[in-house]
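Novice: Everything in the sequence shown is counted per the numbering used here, starting at 16 for the first residue and increasing by one.
From the three backbone atoms N, C-alpha and C, an ideal C-beta is built for every residue, glycine too.
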Amino acid sequence: AMTEFDNGLTKAEEEMLILTMEECSEVIKACSKILRYGRHSPLMKENCFTSDSLREEAGDVVACFGVLVKNGFLSAEETNYNARSKLLRLKDPLQNHLHFITPEMLP
Numbered sequence: 016a017m018t019e020f021d022n023g024l025t026k027a028e029e030e031m032l033i034l035t036m037e038e039c040s041e042v043i044k045a046c047s048k049i050l051r052y053g054r055h056s057p058l059m060k061e062n063c064f065t066s067d068s069l070r071e072e073a074g075d076v077v078a079c080f081g082v083l084v085k086n087g088f089l090s091a092e093e094t095n096y097n098a099r100s101k102l103l104r105l106k107d108p109l110q111n112h113l114h115f116i117t118p119e120m121l122p
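#1: Specify, as a first and last residue, the run of the alpha helix (DSSP H) that asparagine 95 falls within.
#2: Please state if the CB of aspartate 75 and the CB of glutamate 38 are separated by a distance shorter than 8 Å.
#3: Could you check what DSSP says for phenylalanine 80 in three-state terms: helix, strand or coil?
#4: For lysine 101, count neighbouring Cβ atoms within 10 angstroms of its own Cβ and tell me buried if that reaches 16, exposed if not.
#5: Kindly indicate the opening and closing residues of the alpha helix (DSSP H) around serine 56.
#6: Less than 8 Å between the C-beta atoms of glutamate 41 and glutamate 72, yes or no?
#7: Is the beta carbon of phenylalanine 80 closer than 8 Å to that of leucine 89?
#8: Quick check: the Cα distance between methionine 17 and methionine 36, rounded to an integer number of angstroms?
#9: In its own chain, which residues sit with a C-beta less than 7 Å from the C-beta of glycine 105, not counting the 5 before and 5 after it?
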């Protein structure tokens with residue numbers, strides 16, 4: 016008989032991950048709309064500007080990361096360390112593989 020797979024997560028933990036996935040997809044969608052319509056173009060369906068959507072959705076993702084930190088999926092310190100490491104790699108011409116972004120454009 017086939018046994019059902021158990022990921023060991025509570026329903027709340029599953030929901031936290033689903034919420035984070037959904038919010039990350041909203042950031043993807045906001046980036047796509049800026050590429051399609053421009054940075055300051057009002058969207059057809061909504062009374063908002065494309066850059067406003069990206070700002071709002073980025074905040075939603077940061078909020079989800081806070082939930083993941085509080086519930087043991089992430090460490091704020093490790094996440095910040097990893098973000099700084101990524102920026103250092105992006106600033107390194109041997110590793111960054113960027114075509115147009117210059118080191119001055121990076122925080």
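Specialist: To lay it out plainly:
#1: If you number the sequence shown from 1, residue 95 lands on position 80. First-last of the alpha helix (DSSP H) with asparagine 95: 91–106.
#2: Here residue 38 corresponds to residue number 23 of the sequence shown, with the count starting at 1. Here residue 75 corresponds to residue number 60 of the sequence shown, with the count starting at 1. Result yes, Cβ atoms of glutamate 38 and aspartate 75 sit closer than 8 Å.
#3: In the sequence shown, counting from the first residue as 1, residue 80 sits at position 65. Helix at phenylalanine 80.
#4: Taking the sequence shown and counting its residues from 1, the one referred to as residue 101 is at position 86. Exposed.
#5: If you number the sequence shown from 1, residue 56 lands on position 41. Bounds of any alpha helix (DSSP H) do not take in serine 56, whose DSSP letter is neither H nor E.
#6: As a first step, residue 41 is located in the sequence shown; it is residue number 26 there, counting from the start. As a first step, residue 72 is located in the sequence shown; it is residue number 57 there, counting from the start. Contact: yes.
#7: Counting from 1 along the sequence shown, the entry for residue 89 is found at position 74. Counting from 1 along the sequence shown, the entry for residue 80 is found at position 65. Result yes, Cβ atoms of leucine 89 and phenylalanine 80 sit closer than 8 Å.
#8: On the sequence shown, position 2 is the one that residue 17 refers to. On the sequence shown, position 21 is the one that residue 36 refers to. Taking the straight line joining both Cα atoms gives about 29 Å.
#9: Mapped onto the sequence shown, residue 105 falls at position 90. Note that residue 105 is leucine in the sequence shown, not glycine. Excluding positions up to five away in sequence, the list reads Asn111, Leu113 and Leu121.
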